[in-house]
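Chemist: Numbering (the working numbering), first residue to last: 78 to 473. Quick one: the structure is below, and I'll ask about it shortly.
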Amino acid sequence: MKITDVKIYTLDAFRTNWAFVKVETDEGLYGWGEASLGTNENALEGMVADLKRLVVGRNPLEIEKMCFEVYRDIYWKGGPVLMSAISGIEIALWDIAGKYFNTPTYNLLGGKMRDKVKMYANAWFVGARTAEEFAAKAKRTAELGIKALKWDPFGSSHMTISREQLHKSVDIIGAVREAVGENVDLLIECHGRFNPTTAIEISRDIEQFKPMFMEEPCVPDNIDSTAYVRAHSRVPIAAGERVYTKYAFQEIFSKDAVDYAQPDVFHTGGLMEGKKIAAMAEAKHVMMSYHNPSGPVSNAAILQLAATVPNFCIHEIMLTDGSFRKKITNEEVHFEDGYILIPDKPGLGIDVNVEEVLKRPYTPRNLRHYTGTVTDIRPKDDTLYYFKELEDKIYG
């Protein structure tokens with residue numbers, strides 16, 4: 078079996094763009110990966126085209142060898158563009174392998190350790206601005222059986238935070254805690270906003286609400302900053318979504334910078350690299366939570382990987398998404414009492430409807446995080462899509 082083509086399809090998801098990578102073979106088998114790069118899909122599409130000539134003609138089952146040699150044969154190492162392109166192709170190869178052997182991909186990564194993973198919800202807060210609005214949405218979400226919530230309450234702050242915004246942010250977190258009670262985990266997202274001094278101050282103010290972790294408190298281009306915050310914070314620290322290789326994660330672990338590692342498998346080289354990073358974390362007794370505020374192929378891939386990782390802790394999922402999500406794949410996500418079940422179809426268990434993807438072509442999107450509009454992630458007139466059991470519970 079040989080690879081005959083590599084294609085990339087970019088879809089406008091309103092809050093960002095998603096890029097789906099399709100690898101085709103001469104035996105008719107094909108696989109899907111995801112390699113989105115937020116606001117930089119033009120660069121990503123170009124890199125996938127550049128890598129295609131290094132991939133076509135190879136055996137798609139020789140995943141480790143292919144990815145090693147592709148990385149070796151690119152002079153400029155690392156970075157989000159190269160690693161995301163490699164990741165999209167690599168994930169698609171695992172999809173092909175599972176289909177070839179007629180088994181879920183998790184069986185090719187060591188087999189299942191668990192049948193379900195605890196989940197935390199992102200995107201439950203759409204449009205919220207005030208403490209009252211966040212609290213109302215949090216209460217409604219918890220009533221659906223969701224046991225963990227993540228969000229960014231910090232407005233447009235960058236590096237430092239005003240006293241006014243800090244008080245507002247703390248009030249938001251307090252209101253959510255009061256609304257959902259003590260048995261729902263709160264995960265506080267910072268999006269790499271702050272310098273170490275500010276991050277430590279914030280951690281001390283929010284400690285009273287017992288968050289599960291504070292995510293990416295510092296700009297990710299300086300691991301020492303995050304390590305300094307962890308050393309001075311009584312709130313656990315999570316980071317890693319903007320770290321692109323196992324070599325960079327080695328620095329994170331050697332500097333004891335995190336309590337929870339959050340690699341993104343479509344930025345770090347794919348599923349095998351995600352497994353290797355998890356092993357590095359395991360040796361430091363660091364828990365894993367793969368970054369996943371993304372599309373349906375990414376979600377399907379991470380569930381396969383999470384099933385196999387001993388130190389996996391909690392799975393991120395977009396609780397809601399645009400109504401278009403239901404049409405672009407045959408995604409099935411099964412929710413059960415705060416957990417997501419591990420799918421057992423061959424490969425990743427997901428297929429992409431290219432015709433529907435092409436109806437939503439790439440649209441330039443700018444970062445919202447420092448404009449104060451980070452919760453505006455859906456069109457106001459869109460009908461929200463929930464995954465299966467929750468949609469039945471809400472609309473049924």
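We put the beta carbon where it would ideally sit given N, CA and C, even for glycine. Because the structure is a prediction, the values reported are computed rather than measured.
Starting from Tyr416, follow the beta strand (DSSP E) in both directions and report where the run begins and ends.
Modeler: Note, Tyr416: beta strand (DSSP E), 416-418.
Chemist: Reducing DSSP to helix, strand and coil, say where Leu477 ends up.
Modeler: This structure cannot settle anything about residue 477, because the visible part of the chain is limited to 78 through 473.
Chemist: When DSSP labels each residue in this structure, what does Ala316 get in the three-state scheme?
Modeler: Three-state result, Ala316: strand.
Chemist: Determine the burial state of Glu122: buried for a count of at least 16 other Cβ atoms within 10 Å of its Cβ, exposed for fewer.
Modeler: The residue in question, Glu122, is buried, as its Cβ has 16 or more Cβ neighbours within 10 Å.
Chemist: Please name the residue, chosen from Phe97, Thr102, Ala378, Ala120, that lies closest to Ala35 on a Cα-to-Cα basis.
Modeler: Summary: the structure shown does not reach residue 35, with the chain confined to residues 78 through 473, and so no result is reported for it.
Chemist: Tell me whether the beta-carbon of Val100 lies closer than 9 Å to the beta-carbon of Met124.
Modeler: No, they are not a contact pair.
Chemist: Please determine, among Lys154, Glu433, Ala215, Ser233, the residue with the shortest C-alpha to C-alpha distance to Leu396.
Modeler: Selected option, being the one with the closest Cα: Ala215.
Chemist: Looking only at C-alpha atoms, which of Thr406, Phe326, Asp398, Lys404 sits nearest to Ile454?
Modeler: Among Thr406, Phe326, Asp398, Lys404, the Cα nearest to that of Ile454 is on Asp398.
Chemist: Hey, how far is the Cα of Asp262 from the Cα of Tyr197?
Modeler: Each residue's Cα considered, the two are about 8 Å apart.
Chemist: Could you say if the stretch 129-140 and the stretch 300-319 meet the contact criterion of at least three C-beta pairs nearer than 8 Å?
Modeler: Touching, no, given that fewer than three Cβ pairs across the two stretches are closer than 8 Å.
Chemist: On the three-pair Cβ rule with 8 Å, is the stretch 417-425 touching the stretch 170-185?
Modeler: Short answer: they touch.
Chemist: For Leu186 and Ala162, which I take to be in contact (beta-carbon distance under 8 Å), what is that distance rounded to the nearest angstrom?
Modeler: Not confirmed; about 21 Å, so no contact.
Chemist: Beta-carbon separation of Phe412 and Leu467 under 9 Å?
Modeler: Going by C-beta atoms, Phe412 is nearer than 9 Å to Leu467.
Chemist: Should the stretch 281-288 be regarded as contacting the stretch 300-308, the criterion being three or more beta carbon pairs within less than 8 Å?
Modeler: The stretch 281-288 is not in contact with the stretch 300-308.
Chemist: Quick one: measure Cβ to Cβ for Asn388 and Thr116, integer angstroms, because I've assumed they're closer than 8 Å.
Modeler: Rounded, the Cβ-Cβ distance is 32 Å, inconsistent with contact.
Chemist: Starting from the C-beta of Ile405, find all residues in its chain whose C-beta is less than 6 Å away, skip the five residues before and the five after it, and write them out in chain order.
Modeler: Contacts found: Asn430, Glu433, Val434.
Chemist: So, using beta-carbon positions, are Glu408 and Ser164 closer together than 9 Å?
Modeler: No; because the gap between Cβ atoms is not below 9 Å, this pair is not in contact.
Chemist: Suppose you measure from the CA of Gly222 to the CA of Met78; what does that come to, to the nearest Å?
Modeler: Gly222 and Met78: Cα-Cα distance of roughly 45 Å.
Chemist: Output the boundary residues of the alpha helix (DSSP H) element that contains Glu255.
Modeler: Segment 240-257, the alpha helix (DSSP H) holding Glu255.
Chemist: From Ser246 to Gly175, what does the alpha carbon distance come to, in whole angstroms?
Modeler: For Ser246 and Gly175, the distance between alpha carbons rounds to 45 Å.
Chemist: DSSP three-state label for Phe326, please.
Modeler: Reduced to three states, the DSSP call for Phe326 is helix.
Chemist: Which same chain residues end up closer than 8 Å to His392 when comparing Cβ atoms and leaving out the 5 residues on each side of it in sequence?
Modeler: Only Val194, Lys195, Met196, Tyr197, Ser366, Tyr367, Asn369, Ile379, Leu380, Ala383, Ile417 meet the Cβ criterion.
Chemist: On the premise that Asp336 lies in contact with Phe290, defined as a C-beta separation below 8 Å, what is that separation, rounded to the nearest angstrom?
Modeler: Right, the Cβ-Cβ distance comes to about 6 Å (below 8 Å), so this counts as a contact.
Chemist: Taking only the alpha-carbon atoms, compute the straight-line gap between Ile249 and Ile265 and give it to the nearest angstrom.
Modeler: Each residue's Cα considered, the two are about 11 Å apart.
Chemist: Unbroken alpha helix (DSSP H) runs of length 4 or more, entirely within the stretch 327-363: which are they?
Modeler: Listed in chain order, the complete alpha helix (DSSP H) runs (minimum 4 residues) inside the stretch 327-363 are 348-360.
Chemist: Which residues in the same chain as Ile354 place their Cβ atom closer than 7 Å to its Cβ, once the five residues preceding and following it in sequence are excluded?
Modeler: Hits under 7 Å: Lys323, Phe326, Ala338, Pro340, Thr345.
Chemist: DSSP on Asn286, reduced to helix/strand/coil?
Modeler: Note on residue identity: the sequence assigns Phe, not Asn, to residue 286. Phe286: helix per DSSP, three-state reduction.
Chemist: Along the beta strand (DSSP E) that carries Tyr86, what are the first and last residues, could you check?
Modeler: Here the beta strand (DSSP E) through Tyr86 covers 80-89.
Chemist: With DSSP run on the structure shown, which of helix, strand or coil describes Cys390?
Modeler: Coil.
Chemist: Have a look at Ala276, Leu131, Thr93 and flag the residue whose alpha-carbon is nearest the alpha-carbon of Thr81.
Modeler: That would be Leu131, whose Cα lies nearest to the Cα of Thr81.
Chemist: By a C-beta neighbour count over all protein chains shown, 10 Å radius and 16 as the cutoff for buried, is Pro230 buried or exposed?
Modeler: Pro230 should be labelled buried.
Chemist: Can you round the beta-carbon distance between Asp172 and Trp228 to whole angstroms, since I take them to be within the 8 Å contact cut?
Modeler: So it is not a contact: roughly 31 Å between Cβ atoms.
Chemist: Could you give the first and the last residue of the continuous beta strand (DSSP E) run that contains Gly110?
Modeler: Element bounds for Gly110: 107-111.
Chemist: Run through the DSSP bridge pairs and tell me what Tyr439 is partnered with.
Modeler: DSSP output for Tyr439 lists no bridge partner at all.
Chemist: Among residues of its own chain, excluding the 5 on either side of Met357, which ones have a beta-carbon nearer than 8 Å to its beta-carbon?
Modeler: Same-chain partners within the cutoff: Lys323, Phe326, Gln327, Phe330.
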